[in-house]
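Structure first, commentary second.
In my numbering, the protein residues as written are 1325 to 2262.
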C-alpha cells in the first residue's frame, strides 16, 4: 500500500525516466576540438581580455536543470493523481459493495457513504449493476440494482448500535456470487474485529474465489469505545479503548444525568502505541450517583457511550454487629469481613457506637437503602414494625446468623428457623463439614464459580416447608440452605445461615463472598423477582425497552425488533436487545454496546489477496497541469540562461530596452486580468453544467445562516422523499442568488422570506419576473403562520413576514391570487390533499386565480405560467422546516400542533408542488376523472 495518496493513470510512462542518463550524456558531449594553426601576428591578440566567453562544455547545473524539466514531462505523461478515488479497478463486471455498518463505522459514516457513492457513480458511468450488502443484515436479499436505485438504497442505510456478526452474511453472499458469476467486490471495512473476524476472512476468501477484491480501510479517524465504568470509593473511572494506535492521542469524556444535563468532564490520554487508557471523574458521591451517561466528546458512536443505571450507584450501606465490643477482636470481627467485602462497590457506614437497636434505628432515620445485621438477636416490636415498613418501601435487609440469632425468635427472616444451630465436623458429631453446592441457574447467584475450598462447620437450619426450595438462593451439598431470600413489598430480605466471620465457615475469606454481596446490592432497587421467589412457578421478571440508542449514540424510540429482557441482564447489546434503557423510567436497566470485558482489536486481512485503498476526505487532483507548467517554466529559465551565457540577451537589452519596458508594461495587466476573467467564466460554466446535468430544486440564499441551513436540509429531505415515493431522482438542492445566477435551469425556486432582510435589487427582481413569465414557479414562504392573529385571514396579512413579502411583490408583475380551491390541480397532482401543512397548519396557500370563463384575452393577464402552472405560490406554514432532517434521519425542528401524521402530509404537499411544476395541469384532463372519483370513494 502506497505511503502517499498518489497514483498514475499511465504508470508505464514512468519507464521514460530510464532515458535520463542517456540525455545527461548527450548534453555533456564536448564538441570536436578545432585544428590548431600557428599564425604569428595573432600573438598580439592574446593579451586582449575578452568581454564575453563561450564555455567549452555545458555547466553541470544547467544539465541538471534540463534533466529536471524532462523528468517533469515524463511524470506528467504518466497521469499523476493526488488523493485518487478509493475504488475498484475499471471493469465491466457488476459491482458488489460490502459495507461494515456496526457501531464502529458510525464515527466516520459520512466518509464511508461518500466513498460508496463514488463507487456507484463509477459503476453508473460503465453501465454496471450494483449490489449493496450491509454486513449487519444476514437475512437481507442481495440483488443487483441500477445505479440510481442503489444510490437511494445507500442513503437509507444507517449504522447499527451493536457489533456486526459478519460471518452470518456469508451464506447469502455465496448464493449471490454463484448466481451472478463474475463481480468486482469492494469491502468498505471499519478495520475492527468484533468477534470471529478470522472466520469471516477465511470464509470470504473461499466465497470470492478468483474474483477481484478491493479492501478500503484507513484514512478515517479510528473508532473509540467506553467500557467497564466503575464507581469506586474515591472516583468514577471508565476505560477508553481504540483499535489502533493512530488518531488523536487524547480526548475528553463527558458525564450527563438522566435528563442530559452535564455533570462533569474527565480528560484521557493514550500512552504511545497504547490502545487502552482510563478517564477518572473526581466528583462528590452524590454527583457520581446521578450520572446516567458517559460519552466521548466529539465521537458520534453508540460504542462511545456508556449508560449507567442503579447498579453503578455506590449505595450507602449500614453495617451493625450484635457482638460485644469488649470481647470482639477487630481483625476477626464480622464487621471487618463485611467492610472489606462491601467497600469496592458501596459506602459502608459502620454502626460501632451504641446498642444494635439504637444503631438500626439511626440507620432507618438516615433512610439508608440497605442494612446488614451480623448476628443481631431479638428486636423490639416497634423496631420490627419500622423495619417492616422500610422493607415495603424498597429497603434491603441482609442478616447473618450467629449464636444470638440462633436463640432468638424473630420473624424478620425469609424462612422459619429451627431453634438452635447445627454443628458439622466437631468432636461430638459424626457429620463432616459441608461444601457448597452449585448455584441455581435461575437464582441471583447464577454463573458464580463455586469455590472448592470453602466449607461450612456450623449453620442455622430452616424448617422444611413447601416454599423452602423456592426461597433457597444457595445450598450445601447435603441440600440444606446456605442463603435464603424473599421479597417483602418492594424490598428484599436475605439471610445467610452462617456467621459473617470465620467461626462458622471460611466463606467470608473467599472471593465468592464479595460477589454474592455485590449481586444482592445490584438486585436492590428493582421491583422484579430476584431468582426464585415465594412461588415456585414465578419466573424472573422481564422489562420492556424504554429508550434505545441508534448507531450514532443518540436516543431514539425502541425499534420494532427490540425485545424485553430480564432485569439481571448484563450482556452486550444485540439486534434483539439494542443498547439503551429498559424498564420503568424511575429505575431503568442499562444495556451497553460493549460488555465490561470486551476489547476492540484490529482485523487481520493479510490472508486475502486484494487491492488495498483508503478512505479520503480530500478531492482528487490531477497533477498533469502543474507538472507541465513547471516543465515549461524550467525550459524558459534554460533559454534565458543560454542567452545570458551567449551574450545575446545583453545585446538585445541594450538595443531594445525602451521597447522591452513598454511591452512588459502592456503585458502584465493583461496577465493579471486574464486569470480572473477565466475564473469567472469557468465558475459560470460549472454552475450551468451542474444545474443542467440533473433536475435540481433551488432556493434563494437569504444570507441568514440559520435559515439557509434549514432550507437546504428541508429541500434535501424532500428530494430524498421524492426518490423514495416517485420516479423523480433529483440532485442535491442548489442555492441561488437572483442577481447573479441563471434561474432558467430550475423548475421551482423556494424563497424563504426573512423579515428585516435587505430588499433585492431591481435587476434581481427583474430576473425573477422574467423567470415567472417564462414558465418558472417561485414558492414564497413567510414561515410565520403561528404568529398570525386570529381572524379571517386578516391576521396572517399583518405578520412581519407577510409585510416583507408585500415589499418584494410590489416590484413584480404578479397575477391575481386566490387560496387553493378544492378542485385545483395542485390538490391531486400525485396525492389527494385538502390542505398544504408544514411546520404549522393554520396558514393558507395562495396560487394564481383560475381564469374566468369570460376571460378570453389571456395575453393581457400578467405572468401566465406555462401549461397552466401558477408562476407564484405563497404560504406561511414553513414547509422547509417540516422537511428538514438531520444526517441521522431525525427531524431538525418540532411541529405545531404536532399531529401524528403532520410531517408525512407536509412531505406529500411538497411532492404535489414539485409534480405540479414539472407536469402542469395534465391531471385536470377529464380522462383522470374516473380514477380520482374511485380513489375519493375509498
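The C-beta atom is built at its ideal place from N, Cα and C for all residues, glycine as well.
Residues in its own chain within less than 8 Å of residue i by CB, not counting five upstream and five downstream?
i, result
"residue 1961", "1389"
"residue 1879", "1871, 1872, 1873 and 1904"
"residue 1667", "1557"
"residue 1777", "1830 and 1834"
"residue 2200", "2105, 2106, 2107, 2108, 2109, 2112, 2120, 2123, 2125, 2126, 2164, 2167 and 2168"
"residue 1717", "1813, 1814 and 1815"
"residue 2232", "2154, 2155 and 2157"
"residue 1740", "1786, 1787 and 1789"
So what does residue i bridge to, in DSSP terms?
i, result
"residue 1548", "1566"
"residue 1560", "1555 and 1605"
"residue 1588", "1579"
"residue 1735", "For residue 1735, which the question treats as bridged, DSSP gives no partner whatsoever."
"residue 1811", "1816"
"residue 2142", "2171"
"residue 1780", "1758 and 1829"
"residue 2072", "2101"
"residue 2059", "2023"
"residue 1946", "1405"
"residue 1800", "1760"
"residue 1671", "1640"
"residue 1884", "In the DSSP output, where bridge partners are listed per residue, residue 1884 has none listed."
"residue 1786", "1741"
"residue 1747", "1782"
By Cβ distance, which residues of its chain are closer than 6 Å to residue i, with the 5 residues on each side in sequence left out?
i, result
"residue 2135", "2089"
"residue 1903", "1485, 1626, 1873, 1897, 1915, 1916 and 1917"
"residue 1959", "1393"
"residue 1339", "none"
"residue 2230", "2161, 2162 and 2206"
"residue 1616", "1581, 1582 and 1632"
"residue 1838", "1665"
"residue 2038", "2204, 2207 and 2208"
"residue 1702", "1732"
Short of 7 Å in beta carbon distance, which residues of its chain neighbour residue i, apart from the five on each side in sequence? Order them along the chain.
i, result
"residue 2219", "2163, 2206, 2226 and 2227"
"residue 1922", "1551 and 1896"
"residue 1341", "1395 and 1398"
"residue 1885", "1899 and 1900"
"residue 1593", "1573, 1574 and 1601"
"residue 1663", "1643, 1672 and 1674"
Give the C-beta separation of residue i and residue j to the nearest angstrom, bearing in mind that I take them to be a contact with Cβ-Cβ under 8 Å.
i, j, result
"residue 1485", "residue 1897", "6 Å"
"residue 2101", "residue 2082", "About 24 Å; that fails the 8 Å criterion."
"residue 1487", "residue 1549", "So it is not a contact: roughly 10 Å between Cβ atoms."
"residue 1935", "residue 1504", "Actually they are not in contact, since the Cβ atoms of residue 1935 and residue 1504 sit about 20 Å apart, beyond 8 Å."
"residue 1620", "residue 1577", "6 Å"
"residue 2125", "residue 2171", "The pair is not a contact, with the Cβ atoms about 18 Å apart (cut-off 8 Å)."
"residue 1424", "residue 1512", "6 Å"
"residue 1730", "residue 1744", "6 Å"
"residue 1536", "residue 1431", "Actually they do not touch by this definition, with Cβ atoms about 29 Å apart."
For residue i, is the beta carbon positioned less than 7 Å from some heavy atom of the ligand NAD?
i, result
"residue 1681", "Only the bare structure without any ligand can be found here, which leaves the ligand NAD out of the picture."
Practice task
Please determine if the region 1572 to 1580 and the region 1951 to 1967 are in contact, where contact requires at least 3 C-beta pairs separated by less than 8 Å.
Solution key: In this structure the region 1572 to 1580 does not touch the region 1951 to 1967; the number of beta carbon pairs closer than 8 Å is below three.
Handout entry: Meets three-Cβ-pair contact criterion under 8 Å: the region 1433 to 1440 and the region 1524 to 1531
Key = The region 1433 to 1440, when compared against the region 1524 to 1531, does not touch it at the 8 Å Cβ threshold.
Practice task
Counting only runs of 4+ residues fully inside the region 1433 to 1495, write out the alpha helix (DSSP H) ranges in chain order.
Solution key: Counting whole runs of 4 or more residues, the region 1433 to 1495 contains the alpha helix (DSSP H) stretches 1433 to 1449 and 1471 to 1479.
Practice task
Determine contact between the region 2016 to 2027 and the region 2044 to 2061, defined as no fewer than three beta-carbon pairs at a distance below 8 Å.
Solution key: Judged by Cβ distances under 8 Å, the region 2016 to 2027 makes contact with the region 2044 to 2061, as three or more pairs qualify.
Handout entry: Contact the region 1774 to 1784 vs the region 1828 to 1840: 3+ CB pairs below 8 Å
Key = Touching, yes, given that three or more Cβ pairs across the two stretches are closer than 8 Å.
Problem - Segment contact, 8 Å Cβ cut-off, at least three pairs: the region 1674 to 1692 with the region 1633 to 1649 - result: A contact between stretches requires three or more CB pairs, one per stretch, nearer than 8 Å, and the region 1674 to 1692 meets this requirement with the region 1633 to 1649.
Practice task
Report yes or no: do three or more beta-carbon pairs, one from the region 1554 to 1569 and one from the region 1593 to 1609, lie closer than 8 Å?
Solution key: The region 1554 to 1569, when compared against the region 1593 to 1609, does touch it at the 8 Å Cβ threshold.
Exercise for the section: Would you check if there are 3 or more beta carbon pairs closer than 8 Å linking the region 1398 to 1405 to the region 1440 to 1447? Expected result: Here the region 1398 to 1405 does not lie against the region 1440 to 1447, with fewer than 3 beta-carbon pairs under 8 Å apart.
Handout entry: Any 3 or more C-beta pairs closer than 8 Å across the region 1490 to 1502 and the region 1463 to 1473
Key = Touching, yes.
Problem - Ranges of the beta strand (DSSP E) found wholly within the region 1617 to 1663, counting only runs of at least 3 - result: Runs of the beta strand (DSSP E) spanning 3 or more residues and lying entirely within the region 1617 to 1663 occur at 1617 to 1620, 1629 to 1631 and 1639 to 1645, in chain order.
Handout entry: Meets three-Cβ-pair contact criterion under 8 Å: the region 1577 to 1589 and the region 1950 to 1957
Key = The region 1577 to 1589, when compared against the region 1950 to 1957, does not touch it at the 8 Å Cβ threshold.
Exercise for the section: Decide if the region 1721 to 1741 is in contact with the region 1684 to 1701; the criterion is three or more beta carbon pairs, one per stretch, under 8 Å apart. Expected result: Contact holds: three or more Cβ-Cβ distances are below 8 Å.
Practice task
Note down, one range per segment and in chain order, each alpha helix (DSSP H) of at least 4 residues found wholly within the region 1503 to 1548.
Solution key: Runs found: 1521 to 1532.
Handout entry: Minimum length 3: unbroken beta strand (DSSP E) runs contained in the region 1899 to 1927
Key = Segments of the beta strand (DSSP E) lying fully in the region 1899 to 1927: 1904 to 1906 and 1913 to 1915.
Exercise for the section: Kindly confirm or deny that the region 1678 to 1689 and the region 1784 to 1804 touch, where touching means at least three C-beta pairs closer than 8 Å. Expected result: Flag = no, the region 1678 to 1689 and the region 1784 to 1804 do not touch.
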